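Enquirer:
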Amino acid sequence: SVRGPVIAVDGPAAAGKGTLAKRLAKALGVPYLDTGLLYRAVGRLVLDAGDNPADPAEAFATRLTPADLARKDLRTPDVTRAASEVAAQPAVREALIATQRSFVGPEGAVLDGRDIGTVIFPDAEVKLFITASAATRALRRFLQQGGDMQAPDAALVLKETQEALSARDLADSQRAVAPLKPAGDALQIETDHLDADQVLAQALAYARERLTR
Ligand code: CDP
Ligand code: CDP
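Read in order, the letters of the sequence shown correspond to residues 2 to 214 in full-length UniProt numbering.
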């Protein structure tokens with residue numbers, strides 16, 4: 002099937018992948034897919050089903066609907082943990098491959114996740130790996146979720162946020178199938194000292210250069 006250019010945006014939690022991917026897609030005029038949402042939706046359905054072993058995560062992954070992906074409760078801490086757990090199951094990942102590949106039409110697309118440049122589109126025209134230190138990423142997620150640095154419990158919440166992010170990064174990096182790691186041919190952007198505009202400028206310059214070759 003004919004597909005346009007793919008821009009893969011991978012990296013650890015709260016590095017700014019989604020923010021960048023959305024803005025890249027807008028600047029280039031192509032569709033955007035947040036692949037983390039697929040794993041979150043499966044995690045949500047697993048939690049809803051309780052401990053019923055008759056409903057394996059793979060079954061949910063196979064019959065995900067647009068309504069499952071549109072749910073508003075996909076970013077709670079329990080769903081985030083469940084997403085990472087189901088994401089380690091090879092059958093779940095396998096079931097979500099076709100959805101991700103068929104998303105890309107003739108105009109191309111931007112996809113963000115963990116394995117876009119390594120597994121889903123190893124031949125992607127543009128591969129970006131977005132990183133930042135664990136402390137920076139924890140602060141970004143804390144502020145994104147409405148955290149207040151002046152609140153009495155700010156230090157504690159920040160510490161818990163960083164622990165949760167680090168635990169998830171470790172699990173995502175160490176799983177046997179499609180672990181989080183940069184593709185050999187990815188441009189890595191270390192964003193500790195860059196704001197979202199600066200990251201976009203670097204990524205867009207690189208993407209335009211690669212895409213006009
Ligand atoms: O998708 P991912 O989990 O990698 O991160 P995100 O949700 O796109 O970004 C987390 C937060 O970091 C958002 O509130 C962004 O506005 C902020 N941020 C960023 O995306 N890029 C920077 N260079 C600095 C902050
Ligand atoms: O926004 P954040 O980086 O915190 O998480 P996300 O991108 O929504 O991904 C949630 C979880 O889904 C990750 O911790 C991974 O375990 C899993 N995931 C994955 O395995 N492969 C992808 N392509 C995207 C997400």
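Think of the CB as a built atom: it goes at the ideal place given N, C-alpha and C, for glycine as much as any other residue. Predicted model only: the values in this text are computed from it and were never measured.
1) Using the C-alpha atoms, what's the distance from K18 back to K27?
2) Compute every distance between the C-beta of P33 and the non-hydrogen atoms of ligand 2, then say whether any falls below 6 Å.
3) Under the assumption that G118 contacts A184 (Cβ atoms under 8 Å), give the Cβ distance between them as a whole number of angstroms.
4) Hey, would you say T137 sits closer than 7 Å to D193, going by beta carbons?
5) Does the structure place the region 118-136 close enough to the region 75-83 that three or more beta carbon pairs sit under 8 Å?
6) For L112, report the span of its beta strand (DSSP E) as first-last.
7) For V47 and R24, what's the separation of their Cα atoms in angstroms?
8) Quick check: the Cα distance between E191 and N53, rounded to an integer number of angstroms?
9) Taking the CB atoms as reference points, tell me whether V127 and A208 lie closer together than 7 Å.
10) Going by alpha carbons, who is nearest to L188 out of R176, A204, A179 and E95?
11) Relative to the C-alpha of A92, which candidate in A22, E59 and P6 has its C-alpha closest?
12) By how many angstroms is the C-alpha of L140 removed from the C-alpha of Y33?
13) So is the beta-carbon of D116 under 6 Å away from any non-hydrogen atom of ligand 2?
14) Whole angstroms are fine: how far does the CA of A152 sit from the CA of Q146?
Expert: Judging by the given coordinates:
1) Sequence index remark: in the sequence shown, residue 27 carries index 26 (1-based). Sequence index remark: in the sequence shown, residue 18 carries index 17 (1-based). Approximately 14 Å between the Cα atoms of the pair.
2) Position 32 of the sequence shown, counted from the first residue, corresponds to residue 33. The residue you asked about is not Pro; residue 33 is Tyr in the sequence shown. Incorrect: Y33 has no Cβ contact closer than 6 Å to ligand 2.
3) Counted from its first residue, the sequence shown places residue 118 at position 117. Counted from its first residue, the sequence shown places residue 184 at position 183. That pair is a contact at about 4 Å.
4) Working through the sequence shown from its first residue, we reach residue 137 at position 136. Working through the sequence shown from its first residue, we reach residue 193 at position 192. Result yes, Cβ atoms of T137 and D193 sit closer than 7 Å.
5) no
6) Here residue 112 is taken as the residue at index 111 of the sequence shown, counted from 1. Element bounds for L112: A110 to G114.
7) If you number the sequence shown from 1, residue 47 lands on position 46. If you number the sequence shown from 1, residue 24 lands on position 23. Straight-line Cα distance between these residues: approximately 31 Å.
8) Taking the sequence shown and counting its residues from 1, one reaches residue 191 at position 190. Taking the sequence shown and counting its residues from 1, one reaches residue 53 at position 52. Near 42 Å, if we compare the C-alpha coordinates of N53 and E191.
9) The residue given as residue 127 occupies position 126 in the sequence shown. The residue given as residue 208 occupies position 207 in the sequence shown. In this structure, A208 lies closer than 7 Å to V127 by Cβ.
10) In the sequence shown, residue 188 corresponds to position 187, counting from 1. Checked all of R176, A204, A179 and E95; the closest Cα to L188 is A204.
11) For the purposes of this step, residue 92 is taken as the residue at position 91 of the sequence shown. If we check each option's Cα against that of A92, E59 comes out closest.
12) Within the sequence shown, the letter at position 32 stands for residue 33. Within the sequence shown, the letter at position 139 stands for residue 140. Between Y33 and L140, the C-alpha separation is close to 25 Å.
13) Walking along the sequence shown from the start, residue 116 turns up at place 115. D116: yes, Cβ under 6 Å from ligand 2.
14) Counted from its first residue, the sequence shown places residue 146 at position 145. Counted from its first residue, the sequence shown places residue 152 at position 151. Going by the C-alpha atoms only, they are around 14 Å apart.
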